[in-house]
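**Q** Can you keep this structure in mind? I'll have questions shortly.
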């Protein structure tokens with residue numbers, strides 16, 4: 029193989045790696061943005077959070093999963109989220125989970 033061919037092959041490999049890196053960066057940036065359903069869920073959570081209740085996650089479809097330590101806190105959050113859902117687009121049913129128990 030001539031030196032010109034080797035240089036050309038090296039340039040193509042470098043360009044290929046640069047393209048892969050740019051694509052990975054672009055896709056990573058896309059994955060960081062929230063879906064519209066997540067934005068709506070976060071807005072509702074901001075209005076409905078209660079003492080002894082914490083947000084665990086918001087799924088891509090907008091499902092809210094929260095941890096609660098008292099049944100009263102769980103009920104307050106579920107009622108508030110249900111009321112918020114009556115005036116806007118529907119989201120999946122929220123899910124309340126208890127914290128893991130100790131040993």
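Residue numbers (this note's numbering): 29 to 131.
Beta carbons: idealized from backbone N, C-alpha and C, even for Gly.
Return yes when the Cβ of residue 110 is within less than 7 angstroms of the Cβ of residue 90, no when it is not.
**A** Mapped onto the chain shown, residue 90 falls at position 62. Mapped onto the chain shown, residue 110 falls at position 82. The answer is no: Cβ separation not under 7 angstroms.
**Q** Of the choices 126, 87, 93, whose alpha-carbon is the least far from that of residue 63?
**A** On the chain shown, residue 63 is found 35 positions in, with the first residue counted as 1. Residue 63 has its Cα closest to that of 87, out of 126, 87, 93.
**Q** According to DSSP, is residue 111 part of a helix, a strand, or is it coil?
**A** Taking the first residue of the chain shown as 1, we reach residue 111 at position 83. Helix.
**Q** Taking C-alpha atoms, which residue in 32, 129, 113, 61 lies nearest to residue 72?
**A** Taking the chain shown and counting its residues from 1, the one referred to as residue 72 is at position 44. Checked all of 32, 129, 113, 61; the closest Cα to residue 72 is 113.
**Q** Kindly list the residues whose CB is nearer than 6 angstroms to the CB of residue 83, restricted to its own chain and excluding five residues on each side of it in sequence; keep chain order.
**A** Taking the first residue of the chain shown as 1, we reach residue 83 at position 55. Excluding residues within five positions, the ones whose Cβ falls inside 6 angstroms are 73, 94.
**Q** Using beta-carbon positions only, say whether residue 125 and residue 101 come within less than 7 angstroms of one another.
**A** Position 97 of the chain shown, counted from the start, is the residue given in the question as residue 125. Position 73 of the chain shown, counted from the start, is the residue given in the question as residue 101. Going by C-beta atoms, residue 125 is not nearer than 7 angstroms to residue 101.
**Q** Nearest by alpha-carbon distance to residue 129: which of 97, 108, 92 is it?
**A** On the chain shown, position 101 is the one that residue 129 refers to. The shortest C-alpha separation from residue 129 is found at 97.
**Q** Please list, in chain order, all residues of the same chain as residue 104 whose beta carbon is under 7 angstroms from its beta carbon, the five residues on each side excluded.
**A** Mapped onto the chain shown, residue 104 falls at position 76. Around residue 104: 78.
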